[in-house]
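Trainee:
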Amino acid sequence: MATYVRNLATVLFALQLFSPLVRSVDVTVYVTYPLPPGTTGPDAISFTEDGVGPFTGISDGNVVKLNPLLGTYEYFTYAVPNRNKTLCDGKSDPNLYSKCGRPLGSAFNGSDYFYFCDVYFGLNGVGPSGGQATQLVTSADGLPVFFCNAVAVDPINGMVYFVDTSQRLKNITQMIIANDRSGRLLSYDPTTGNVKSLANGLAGPVGLAISNDGSYILITALITQTIQKFYLTGPKANTTETLPTSLSIPGNLERIGSLDEFLVPENIGPVVHYAIKIDGNGRVLANESIAGPYANVSYLRDLQALGDSIFIGSAFDNFVGATASLLGLLE
Ligand SMILES: *[C@@H]1O[C@H](CO)[C@@H](O)[C@H](O)[C@H]1NC(C)=O
Ligand SMILES: *[C@@H]1O[C@H](CO)[C@@H](O)[C@H](O)[C@H]1NC(C)=O
Ligand SMILES: *[C@@H]1O[C@H](CO)[C@@H](O)[C@H](O)[C@H]1NC(C)=O
Ligand SMILES: *[C@@H]1O[C@H](CO)[C@@H](O)[C@H](O)[C@H]1NC(C)=O
Ligand SMILES: *[C@@H]1O[C@H](CO)[C@@H](O)[C@H](O)[C@H]1NC(C)=O
Ligand SMILES: *[C@@H]1O[C@H](CO)[C@@H](O)[C@H](O)[C@H]1NC(C)=O
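The sequence shown begins at 885 in this note's numbering and counts up one residue at a time.
Rendered as structure tokens:
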């Protein structure tokens, strides 16, 4: 059973009143926030450390900021220099991505600086007031960043980690068919501007998250349907391990607050989606069905926890969704 409402305050109020009842009959309450007209694909969700947001990149090349209490969006940033608003705003045509941009994964450094991947324009960054972003990285180790997809920032030292999903293809379906193994894990040091390739030959890295102490990174590998752990410090530093977890078509990974627990969507079929909570060793801590407004969507991409809510990003849909902590994921 699912209830659709437009206002998070209403949901939270309803949950306070009915929480025990609601839990006993396992009702999941979803809120949906329709995107600006004509746009789709709120692929990744991020918040500032202070909980401002969510921010999400959409199909017309904009990153927008949602006000969840009002259900309204404002434009925040974009990657393309002199982006043509007349041509681009309100569009969801993949043929325009190379002109208008297509922002995907994003992450804040604290609450001050916003990093995001654009499929056609590499790694970008912008300050808290937004506007045209600064292009930070377009190549690494002499190879172009071909498919910048997901970003994470080290909460201790501000180092930026991101994935180049493929060196050959920008289309996930085609990557699966081609059994692509040309993904990379890259780092960007904002203090020196140095860019490094930390791991090569990855099997469709489509998401990453960094541990709370900055000692390791988890990466979802779409092609092998696994999670890889890259150690940044300690005796295993600079090595990659494949965790035992198997995930059908995983999306992005997000750390839950300051816990070393992570949320990742699993797409079993076009209409069958799960929210998976794992620990740093890939152990599954919770596995909950995501349905309601997501019952008929094709690719869930991101689950981002904020307080008692989880905000949901997807690749092709025209709304951002949220659900309260009824999923057992935030316990
Ligand atoms: C922006 O796009 C519109 C619509 O395609 C076009 O008419 C206009 O000339 C473009 N402006 C610039 C500065 O390229
Ligand atoms: C990132 O945040 C740290 C403090 O958390 C700050 O010292 C640093 O200047 C920030 N870097 C950027 C690029 O904003
Ligand atoms: C990706 O590739 C598939 C299979 O070739 C195709 O059906 C789909 O339209 C492509 N998607 C985009 C956005 O080009
Ligand atoms: C890991 O690689 C970096 C260069 O990318 C190097 O500076 C560091 O010493 C290496 N650490 C270990 C333990 O090998
Ligand atoms: C989550 O649960 C579904 C339904 O039982 C199952 O098909 C899927 O494999 C589970 N995922 C994980 C990672 O355990
Ligand atoms: C999913 O269902 C809703 C409500 O019936 C409909 O408006 C929407 O277009 C459907 N989405 C897809 C991707 O079929």
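For each residue, glycine too, the CB sits at the ideal point set by N, CA and C.
This structure is a prediction, so every number in the text was calculated from the model and none was measured.
1. Under the three-state reduction of DSSP, which class applies to Tyr1072: helix, strand or coil?
2. Look at the alpha carbon of Ile1111 and the alpha carbon of Leu1137, and state the distance between them as a whole number of angstroms.
3. Just curious, the alpha helix (DSSP H) that Leu971 is in, first and last residue?
4. Return yes when the C-beta of Val1090 is under 7 Å from any heavy atom of ligand 5, and no when it is not.
5. Between which two residues does the alpha helix (DSSP H) carrying Ser982 extend?
6. When you compare each of Ala1017, Leu1007, Leu1147, Leu1086 to Asp1073 by their alpha carbons, which one comes out closest?
7. By the three-class DSSP mapping on this structure, what secondary structure does Asn1061 have?
8. Please report the Cβ distance between Asp1002 and Phe1030, rounded to the nearest whole angstrom; I am assuming they are in contact, meaning their Cβ atoms lie under 8 Å.
9. Looking at the strands, I want to know which residues DSSP matches up with Ala1034.
10. Look at the alpha carbon of Ile1107 and the alpha carbon of Ala1087, and state the distance between them as a whole number of angstroms.
11. With a threshold of 7 Å, establish whether the CB of Thr970 neighbours any heavy atom of ligand 1.
12. Helix, strand or coil: which one does DSSP assign to Pro1119?
13. Is the closest heavy atom of ligand 5 to the C-beta of Asn1165 under 7 Å?
14. If you compare alpha carbons, which of Gly989, Ile1060, Arg1167, Ile1196 is closest to Ala1179?
15. Can you find a heavy atom of ligand 3 that lies under 7 Å from the Cβ of Thr924?
16. Output needed for Met1043: all residues of its chain with C-beta closer than 8 Å, excluding positions within five of it in sequence on either side, in chain order.
17. Per DSSP, which one or two residues make a beta bridge with Glu933?
18. Any residues whose CB sits closer than 7 Å to a heavy atom of ligand 5? List them in chain order?
19. Does the separation of the CB atoms of Pro938 and Val1204 fall below 8 Å?
20. Buried or exposed: where does Leu1020 fall if 16 or more other Cβ atoms within 10 Å of its Cβ makes it buried?
21. So if DSSP puts Glu1145 in a beta bridge, which residue, or which two residues, is it bridged to?
22. Can you tell me which of the three DSSP states Val909 falls into?
23. Return yes when the Cβ of Arg1139 is within less than 8 Å of the Cβ of Ala1206, no when it is not.
24. Alpha carbon to alpha carbon, how far is Gly1077 from Ser1191? Give it in angstroms, no decimals.
25. Which residue marks the beginning of the beta strand (DSSP E) containing Asn847, and which one marks its end?
26. What does the shell around ligand 7 hold, if a residue joins when its beta-carbon is under 6 Å from any heavy atom?
27. Would Gly945 and Gly985 be called neighbours here (beta carbons separated by less than 8 Å)?
28. Cβ of Tyr962 within 8 Å of Cβ of Ser982?
29. Nearest-angstrom Cα distance between Glu1150 and Gly1026?
30. Three-state secondary structure (DSSP) at Pro1128?
31. Excluding the 5 residues preceding and the 5 following Ala1024 in the sequence, name in chain order all residues of the same chain whose CB lies nearer than 8 Å to its CB.
Mentor: Considering the structure as presented:
1. strand
2. 10 Å
3. 969 to 972
4. no
5. 981 to 984
6. Leu1007
7. The residue asked about is misnamed: residue 1061 is Ile in this sequence, not Asn. Helix at Ile1061.
8. Not really, about 12 Å apart at Cβ, beyond 8 Å.
9. Val1047
10. 5 Å
11. yes
12. coil
13. For ligand 5, not one heavy atom lies less than 7 Å from the Cβ of Asn1165.
14. Ile1196
15. no
16. Val1037, Ser1071, Tyr1072, Asp1073, Pro1074, Gly1098
17. DSSP, once it has assigned bridges, lists no residue as partnering Glu933.
18. Thr1129, Ser1130, Leu1131, Ser1132, Glu1150, Ile1152, Tyr1158, Ile1160, Val1168, Asn1171
19. Yes, these two residues count as a Cβ contact at 8 Å.
20. buried
21. DSSP output for Glu1145 lists Asp1163 as bridge partner(s).
22. Bear in mind that the predicted position of Val909 carries a pLDDT of just 44, short of 50, making it unreliable; the figure below should be weighed with that in mind. The DSSP-derived three-state label of Val909 is helix.
23. no
24. For clarity, residue 1191 is Gly in the given sequence; the question names Ser instead. Cα to Cα, the separation comes out at about 34 Å.
25. Here the chain comprises residues numbered 885 to 1215, so residue 847 is not present and cannot be evaluated.
26. Ligand 7 is not part of this structure, which contains only ligand 1, ligand 2, ligand 3, ligand 4, ligand 5 and ligand 6.
27. Against a cut-off of 8 Å, the Cβ pair of Gly985 and Gly945 comes out as a contact.
28. no
29. Each residue's alpha carbon lies about 34 Å from the other.
30. strand
31. Answer for Ala1024: Asp1048, Arg1068, Leu1070, Val1079, Lys1080, Ser1081, listed in chain order.
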